[in-house]
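Trainee:
In my numbering, the protein residues as written are 56 to 383.
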């Protein structure tokens, strides 16, 4: 049995804690969170103990640390946990500042470092199926990718103010997916962004709607569509166009039930938010983390992926402000 410490008892921390409990061979031993009520509540649900960070990191029985705390702590906590000899599962982004993230290359970028970045969409079974078909050459050489990621409703402005902005908080998942699917470095970024959903988001210095175009040196193109509000549910789709056809992964519905009548056909609603839509992806992430802890696998998503996605986010932000293509 491998003991786990979780740093952060908020929404995403609770998801990971539940998945630790559901993973054979893992046991949640410690919860660390400065908010006592949150820490106590999660500990009571899981049978874990509430401790401070040093206690968790200094316990030799702790094999793995999950960093699910506020974004501004991700890099520091990951550095401390790696230095303590733990395997680390860190939520995205690795940091909000690219230069600061790159400064950790020596500690986190080396071969064999057990740092797993939580880009959960790579573990979604639908997107994994799309990737597998691309890799198998089912539609020939990949040419273009369309990624749609629209939230059902905007987050509270209090969240927006500390999120790092749409590109680093929301679109960063799509930048990672683009890198994964294009399978070659992005050389140019162009982004157009506006505040069309909630004026308060603009007053907070952010945008809520964006279209982003990525281009690789060989000419492959990816178009990303982001919105903080769809009006019709959580819209998560990918289309990949190859020389011989199209591979697409559509939205997941609440059920497969549909009604056909004189007015036409209607289906069930989309799964409403990321906790539902990506529930299986989160479970598969934890299974991979267990493999890393047991020494059966190296992290499939690591430090370099986190830094490269952050670089694309910063480039998109720069492009949106200047109206110019940013070359990488």
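Glycine residues also receive a C-beta, built at the ideal position from the N, C-alpha and C atoms.
Computed from a predicted model, the values in this text were never measured in an experiment.
Taking residue 161 as part of the alpha helix (DSSP H), name the residues at either end of that continuous run.
Mentor: 160-163
Trainee: Under a Cβ-count criterion, where at least 16 other Cβ atoms within 10 Å of its own Cβ denotes burial, should residue 74 be classed as buried or exposed?
Mentor: buried
Trainee: Residues bridged to residue 315 by DSSP?
Mentor: 320
Trainee: Is the CB-CB distance between residue 172 and residue 145 below 7 Å?
Mentor: yes
Trainee: So, for residue 299: in the same chain, excluding its five sequence neighbours on each side, which residues have a beta-carbon less than 6 Å away from its beta-carbon?
Mentor: 194 and 195
Trainee: Report the three-state DSSP secondary structure of residue 389 (helix, strand or coil).
Mentor: Residue 389 is absent from the structure shown; the chain starts at 56 and stops at 383.
Trainee: Alpha carbon to alpha carbon, how far is residue 310 from residue 327?
Mentor: 12 Å
Trainee: Taking residue 153 as the reference, give the member of 378, 371 and 380 with the closest Cα.
Mentor: Nearest option by C-alpha distance: 371.
Trainee: Give the range of the alpha helix (DSSP H) segment to which residue 256 is assigned.
Mentor: 254-258
Trainee: Hey, could you find the ends of the alpha helix (DSSP H) residue 110 is sitting in?
Mentor: 108-113
Trainee: When you compare each of 130, 308, 81 and 278 to residue 147 by their alpha carbons, which one comes out closest?
Mentor: For residue 147, the closest C-alpha among the options 130, 308, 81 and 278 is that of 130.
Trainee: Can you confirm whether the stretch 209-223 touches the stretch 254-270 when touching is taken to mean that 3 or more C-beta pairs between the two stretches lie within less than 8 Å?
Mentor: yes
Trainee: When you compare each of 282, 249 and 150 to residue 376 by their alpha carbons, which one comes out closest?
Mentor: With distances taken between Cα atoms, residue 376 lies closest to 249.
Trainee: Kindly indicate which residue of 139, 159, 170 and 99 has the alpha-carbon position closest to the one of residue 354.
Mentor: 170
Trainee: To which residues of the same chain is residue 93 closer than 7 Å at the C-beta, ignoring the five residues directly before and after it?
Mentor: So the qualifying residues of the chain are 64 and 65.
Trainee: Per DSSP, which one or two residues make a beta bridge with residue 290?
Mentor: 205
Trainee: So who's on the other strand from residue 104, going by DSSP bridges?
Mentor: 85
Trainee: Measure the C-alpha to C-alpha separation of residue 308 and residue 291 and round it to an integer number of angstroms.
Mentor: 11 Å
Trainee: On a Cα-Cα basis, can you pick out the residue from 285, 82, 337 and 227 that is closest to residue 209?
Mentor: 285
Trainee: Note the first and the last residue of the continuous alpha helix (DSSP H) segment covering residue 144.
Mentor: Per DSSP, residue 144 is not a residue of any alpha helix (DSSP H); the beta strand (DSSP E) it occupies stretches across 142-146.
Trainee: Quick check on DSSP: helix, strand or coil for residue 245?
Mentor: strand
Trainee: According to the Cβ coordinates, are residue 182 and residue 304 closer than 7 Å?
Mentor: For residue 182 and residue 304, yes; Cβs fall inside 7 Å.
Trainee: Within the same chain, show all residues whose beta-carbon is closer than 8 Å to that of residue 301, passing over the 5 residues directly before and after it, in chain order.
Mentor: 194, 294 and 295, listed in sequence order.
Trainee: With a threshold of 8 Å, are at least 3 pairs of Cβ atoms found where one atom belongs to the stretch 344-351 and the other to the stretch 329-336?
Mentor: At 8 Å Cβ cutoff, the stretches do not touch.
Trainee: Taking the alpha carbon of residue 83 as the reference point, which residue from 89, 91 and 111 has its own alpha carbon closest?
Mentor: Of the candidates 89, 91 and 111, the one whose C-alpha sits nearest the C-alpha of residue 83 is 111.
Trainee: In terms of residues, what are the limits of the alpha helix (DSSP H) holding residue 181?
Mentor: Where residue 181 is concerned, the enclosing alpha helix (DSSP H) stretches over 180-190.
Trainee: Let's test the definition: count the other Cβ atoms within 10 Å of the Cβ of residue 281 and tell me whether it reaches 16, buried, or not, exposed.
Mentor: So residue 281 counts as buried.
Trainee: Kindly identify the DSSP beta-bridge partner or partners of residue 58.
Mentor: Answer is 82 and 117.
Trainee: Mind checking who residue 269 pairs with in its DSSP beta bridge?
Mentor: 244 and 277
Trainee: Mind checking which residues open and close the alpha helix (DSSP H) that includes residue 237?
Mentor: 226-237
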